[in-house]
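Okay, structure first, notes after.
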Amino acid sequence: MVLSDIKDEEGERVAQIIGEDGGDALYLHHDVSDESAWTYVVQATLDRFGRLDVLVNNAGVGWGGPPEEETLERWHRLMNVNLDGVFLGTKHAILAMKRNDPPGGSIINLSSIEGLVGDPNLGAYNASKGGVRLYTKSTALYCAKAGLNIRVNSVHPGYIWTPMVENYLAEHGDVEEGRQALNALHPVGHVGEPDDIAYGVLYLASDESKFVTGTELVIDGGYTAQ
């Protein structure tokens with residue numbers, strides 16, 4: 110397993126934990142908006158493990174505000190990470206997976222419920238995650254029709270208790286009050302946990318999902334069913 114991020118201390122620690130549990134993990138510093146970084150990370154993966162079977166495009170940033178107050182600089186930064194990063198990762202993963210013997214693999218793109226429904230305060234984020242959703246479908250069709258045996262799917266989490274969500278709430282008031290408000294948005298009565306998403310990703314990475322491509326796996330506690 111290869112882990113990549115810009116948070117080196119946390120990434121190294123996760124790789125260490127995986128190693129202590131008997132796995133083989135490599136951490137690499139990686140800005141997903143930089144194509145040269147993708148070239149390096151994919152080549153390092155091939156050098157270490159010989160092939161690339163699964164890519165999870167999971168990097169993301171998010172912030173909100175009225176559209177008339179948004180700046181082009183912030184818009185571009187969000188798109189660079191959330192959408193350009195998915196494009197670059199998918200591009201270089203396909204190139205590597207075509208070289209597998211036999212060719213094939215699974216690409217899993219993290220979108221969001223915000224890629225399915227609109228939010229009045231998250232226009233840029235909505236646009237980026239909606240882009241991930243449709244880009245996933247396009248590349249899934251391409252790979253299938255080209256006979257590459259590469260599946261491409263998107264995952265759409267509801268509100269998951271992560272540092273990004275916690276920081277967003279901290280910027281807009283009391284964190285605990287915000288969490289309770291988020292809990293109430295979900296029919297199941299609570300926000301999700303990272304493992305809820307991880308198990309969905311594991312399914313899409315595995316051969317158990319061999320007939321699944323171009324789909325949206327929504328893991329949202331019923332949020333978008335309302």
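Following my numbering, the numbering of the sequence shown begins with 110 at its first residue and continues without gaps. All C-beta atoms, glycine included, are put in the ideal place defined by N, C-alpha and C.
{"Query": "How about Met188 and Ser237: do their beta carbons lie closer than 8 Å?", "Result": "yes"}
{"Query": "Indicate whether the contact test is met: 3 or more Cβ pairs, each with one atom in the segment 195 to 202 and one in the segment 228 to 245, closer than 8 Å.", "Result": "yes"}
{"Query": "Nearest-angstrom Cα distance between Gly173 and Tyr234?", "Result": "7 Å"}
{"Query": "Which residue wins for smallest C-alpha separation from Gly169, given the options His265, Ile259, Lys246?", "Result": "His265"}
{"Query": "Is it right to say Thr333 is buried, meaning 16 or more other beta carbons lie within 10 angstroms of its own, or is it exposed?", "Result": "exposed"}
{"Query": "Excluding the five sequence neighbours on either side, which residues of its own chain have a C-beta within less than 8 Å of the C-beta of Glu302, listed in chain order?", "Result": "Ile269, Trp270"}
{"Query": "For the beta strand (DSSP E) holding Tyr332, just list the boundary residues, first then last.", "Result": "Here Tyr332 belongs to no beta strand (DSSP E), and DSSP marks it neither H nor E."}
{"Query": "I need the straight-line Cα distance from Val300 to Arg186, nearest angstrom please.", "Result": "27 Å"}
{"Query": "Please return the same chain residues whose Cβ sits closer than 6 Å to the Cβ of Gly214, not counting the five positions on each side in sequence.", "Result": "Asp162, Met206, Ile259"}
{"Query": "Just the Cα atoms here: how many angstroms apart are Ser221 and Gly267?", "Result": "7 Å"}
{"Query": "What are the boundary residues of the alpha helix (DSSP H) that includes Arg242?", "Result": "232 to 254"}
{"Query": "Which class does Gly171 belong to by DSSP, given the choice of helix, strand or coil?", "Result": "coil"}
{"Query": "Give me the DSSP bridge partner(s) of Gly227.", "Result": "According to DSSP, which records beta bridges pairwise, Gly227 is partnered with nothing at all."}
{"Query": "Just to confirm, are Leu164 and Ile216 a CB contact at a threshold of 8 Å?", "Result": "yes"}
{"Query": "In the DSSP assignment, the alpha helix (DSSP H) including Asp156 goes from what residue to what residue?", "Result": "144 to 158"}
{"Query": "On the three-state DSSP scale, how would you describe Asp114?", "Result": "strand"}
{"Query": "Would His139 pass as a contact of Asp114 if the rule is Cβ separation under 8 Å?", "Result": "yes"}
{"Query": "For His259, which residues does DSSP report across the bridge?", "Result": "The identity of residue 259 in the sequence shown is Ile, whereas the question assumes His. Gly214, per the DSSP bridge assignment."}
{"Query": "Within the same chain, show all residues whose beta-carbon is closer than 7 Å to that of Thr322, passing over the 5 residues directly before and after it, in chain order.", "Result": "Ala249, Ala253, Arg260, Val261, Asn262"}
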